Amino acid sequence: MYLTTSPIDLAALLLEARPGDGALCLFVGVVRDENDGLRTTAIQYEAYGPMAEAEMARLADALSRDFPAVTIRMQHRVGLLSVGEASVAIAAVSPHRAEAFAACRAAIDRVKATVPIWKKEFHPDGSSGWVDPTVSPSGTDP
Amino acid sequence: MYLTTSPIDLAALLLEARPGDGALCLFVGVVRDENDGLRTTAIQYEAYGPMAEAEMARLADALSRDFPAVTIRMQHRVGLLSVGEASVAIAAVSPHRAEAFAACRAAIDRVKATVPIWKKEFHPDGSSGWVDPTVSPSGTDP
Amino acid sequence: MRIRLLHFASFREAIGRDEESRDIADGTLVSELWAVLGGEVPLFRRFPKPPPAAVNREYVSADTVLRDGDEVAFLPPVAGG
Amino acid sequence: MRIRLLHFASFREAIGRDEESRDIADGTLVSELWAVLGGEVPLFRRFPKPPPAAVNREYVSADTVLRDGDEVAFLPPVAGG
Chain A
1175 MYLTTSPIDL
1185 AALLLEARPG
1195 DGALCLFVGV
1205 VRDENDGLRT
1215 TAIQYEAYGP
1225 MAEAEMARLA
1235 DALSRDFPAV
1245 TIRMQHRVGL
1255 LSVGEASVAI
1265 AAVSPHRAEA
1275 FAACRAAIDR
1285 VKATVPIWKK
1295 EFHPDGSSGW
1305 VDPTVSPSGT
1315 DP
Chain B
1175 MYLTTSPIDL
1185 AALLLEARPG
1195 DGALCLFVGV
1205 VRDENDGLRT
1215 TAIQYEAYGP
1225 MAEAEMARLA
1235 DALSRDFPAV
1245 TIRMQHRVGL
1255 LSVGEASVAI
1265 AAVSPHRAEA
1275 FAACRAAIDR
1285 VKATVPIWKK
1295 EFHPDGSSGW
1305 VDPTVSPSGT
1315 DP
Chain C
33 MRIRLLHFAS
43 FREAIGRDEE
53 SRDIADGTLV
63 SELWAVLGGE
73 VPLFRRFPKP
83 PPAAVNREYV
93 SADTVLRDGD
103 EVAFLPPVAG
113 G
Chain D
33 MRIRLLHFAS
43 FREAIGRDEE
53 SRDIADGTLV
63 SELWAVLGGE
73 VPLFRRFPKP
83 PPAAVNREYV
93 SADTVLRDGD
103 EVAFLPPVAG
113 G
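Protein chains in written order, with this note's numbering: chain A, 1175 to 1316; chain B, 1175 to 1316; chain C, 33 to 113; chain D, 33 to 113.
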């Protein structure tokens, strides 16, 4: 399961190293208090669950082909998250660090580009809005 | 203190995010069971302690200048480590992911290049040897 | 033939439901289904071309022919991470 | 004048001690101190030029002039991480 409604267990993701692995790169996306100049109090993550699971599995397969030495674990949280909570975490372990960094970076970039997950930001004045990275480049961050 | 003789507490390194931070990149170097084709059972890390502390502080200052949006935490372990134990951990948090990855990668590269720490590898046959990255390129890994 | 149509995020809010079944003509293309929805939802007419679409939980191109029993979704710009 | 000299890792093992005090001539350069050590330790003579050196816990160049009370170390190739 790549999606979770519970807080992401980073320690569990970190347990991945095998005896031949010398490098672990972990990326964690965290809910920020601001996006494009607007204050954010919380973010609702909504997924097309079964497709998001399938798409992340396809992504994991593609990453295994592109980075054969790397083992990758990913989790994406859905539901209502507060500022400071982890929305996504990706752990990449490999014998050497270059491919751990490269695979981890590729993984988060691809997750953001193709996995059917959406987020609605809530602002201090009670307003809210869906983030559209195609019209607001920094909406793709972190 | 950047050096520690105790196991690195990854959870403590991860506690770093501020409300404006949306990205965390953690790198962990782990003792591998093999280096340059030789099996490894353990590694002894030795440091020029006071200089290593000073050098890592200088490194942290330089990284703050090069990546002003990023907060970095680093720990390097010294002493005798078994396969699978973390030798170094670097956490970089920032508003966006690009600079978190870049700063984390730069940090581990610089730690390996300049901090006065040495490692002696122990092999299954009882032999041992100091790792010299200048004659064995992959000795610089992870 | 009959398909199942799912709606997410801003599209779900615009159309006012998250799921429905629809009878459509045999041979209907993904792009033609989008045009039908555009007749019902003003927001959808603002798209110069159909948004990314999924059939049976995989991305497909707009010229894909729909089949009976398909699970279809048009996807607003994704924003995971 | 008197300096404190520290030895680490392979250099420590080659010279057989981790620390010592030495009396050296005023104005001795880092590179000259290395040459003195080369007279005592065969391994050190195999270096075509002095290895990285630290004075008072900072990297210095080989043409640095040593001063009384300095803490000096020649550093084998570092291998942290």
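Virtual Cβ for every residue (Gly too), placed ideally from N, Cα, C.
The structure presented is a predicted model; accordingly, all values stated were derived computationally and were not measured.
Any chain D beta carbon closer than 7 Å to B/GLY1253: Working through the second sequence from its first residue, we reach residue 1253 of chain B at position 79. Judged by the 7 Å Cβ criterion, B/GLY1253 is not in contact with chain D.
Going by CA-CA distance only, name the one from B/LEU1187, B/LEU1254, B/SER1256, B/THR1288 that's closest to B/ILE1246. By one-based count along the second sequence, residue 1246 of chain B stands at place 72. With distances taken between Cα atoms, B/ILE1246 lies closest to B/LEU1187.
Segment contact flag, the segment 1244-1263 of chain B with the segment 1284-1302 of chain B, C-beta cutoff 8 Å, min 3 pairs: yes
State yes or no: is the beta carbon of A/PRO1307 nearer than 7 Å to at least one beta carbon in chain B? For the purposes of this step, residue 1307 of chain A is taken as the residue at position 133 of the first sequence. So, not an interface residue.
Minimum Cβ-Cβ distance from A/GLY1194 to chain B less than 7 Å: Along the first sequence, read from residue 1 onward, the residue named residue 1194 of chain A stands at position 20. Yes, its Cβ sits closer than 7 Å to a Cβ of chain B.
Could you check whether the Cβ of C/PHE40 sits closer than 7 Å to any Cβ belonging to chain A? For this step, residue 40 of chain C is matched to residue 8 along the third sequence. Output row for C/PHE40: interface = yes.
I'd like the span of the alpha helix (DSSP H) that includes D/ARG89, first residue to last. As a position in the fourth sequence, residue 89 of chain D is number 57, starting the count at 1. Here D/ARG89 belongs to no alpha helix (DSSP H), and DSSP marks it neither H nor E.
Determine the burial state of B/THR1314: buried for a count of at least 16 other Cβ atoms within 10 Å of its Cβ, exposed for fewer. The sequence position of residue 1314 of chain B within the second sequence is 140, counting from 1. With a pLDDT of 44 at B/THR1314, under the threshold of 50, the modelled position of that residue is not reliable, and the figure given next carries that caveat. Classification of B/THR1314: buried, given that the 10 Å Cβ count is 16 or more.
Please list the residues of the segment 1207-1218 of chain B that have a C-beta atom closer than 7 Å to any C-beta atom in chain A, keeping them in chain order. ASP1207, GLU1208
Does chain A have any CB closer than 7 Å to the CB of C/GLY71? Position 39 of the third sequence, counted from the first residue, corresponds to residue 71 of chain C. So no, C/GLY71 is outside the interface.
What residues of chain A sit near B/VAL1257, judged by a beta carbon separation below 8 Å? Taking the first residue of the second sequence as 1, we reach residue 1257 of chain B at position 83. Near B/VAL1257 (Cβ distances below 8 Å), the residues of chain A are PRO1193.
Classification of A/LYS1286 by the beta-carbon crowding that lies within 10 angstroms, buried from 16 upward: Here residue 1286 of chain A refers to the residue found at position 112 when the first sequence is read from its first residue. A/LYS1286 comes out buried.
Leaving out five residues on either side along the sequence, give the residues of the same chain with a beta carbon under 8 Å from the beta carbon of D/ASP102. By 1-based counting over the fourth sequence, the position of residue 102 of chain D is 70. Taken in chain order, the residues that qualify are ILE35, ARG36, VAL87, ASN88.
Against D/LEU107, what residues of chain B qualify as contacts under a CB-to-CB distance less than 9 Å, listed in chain order? Residue mapping note: residue 107 of chain D aligns to position 75 of the fourth sequence, counting from 1. Residues of chain B passing the Cβ test: TYR1222, MET1225, PRO1290, TRP1292.
Can you tell me whether C/VAL68 is buried or exposed, with buried defined as 16 or more other CB within 10 angstroms of its CB? Here residue 68 of chain C refers to the residue found at position 36 when the third sequence is read from its first residue. That one is exposed.
Please report how far the alpha carbon of A/ARG1206 lies from the alpha carbon of A/ARG1271, in whole angstroms. Within the first sequence, the letter at position 32 stands for residue 1206 of chain A. Within the first sequence, the letter at position 97 stands for residue 1271 of chain A. For A/ARG1206 and A/ARG1271, the distance between alpha carbons rounds to 28 Å.
is_contact[B/PHE1241, chain A] using C-beta, thresh 7 Å: For the purposes of this step, residue 1241 of chain B is identified with residue 67 of the second sequence, where counting begins at 1. No, B/PHE1241 lies away from the interface with chain A (no Cβ there is under 7 Å from its Cβ).
Beta-carbon contacts of D/TYR91 that lie in its chain and below 8 Å, excluding the five residues immediately before and after: What you label residue 91 of chain D is simply residue 59 of the fourth sequence in a count that begins at 1. Apart from sequence neighbours up to five positions away, the residues of its chain that approach D/TYR91 with a beta-carbon distance below 8 Å are PRO84, ALA85, ordered along the chain.
Taking its Cβ as the centre, do 16 or more other Cβ atoms sit within 10 Å of A/GLY1300, making it buried, or is it exposed? Locating residue 1300 of chain A in the first sequence gives position 126, counting from the first residue. Looking at its Cβ environment, which holds fewer than 16 other Cβ atoms inside 10 Å, A/GLY1300 is exposed.
Taking Cβ positions only, does B/GLY1313 come closer than 7 Å to chain A? As a first step, residue 1313 of chain B must be located in the second sequence, where it is residue number 139. With a pLDDT of only 45 at B/GLY1313, under the threshold of 50, the placement of this residue in the model should not be trusted, and no figure is reported.
List, in chain order, every chain C residue whose beta-carbon is nearer than 8 Å to that of A/ILE1282. Against the first sequence, residue 1282 of chain A aligns to sequence position 108. In chain order: GLY113.
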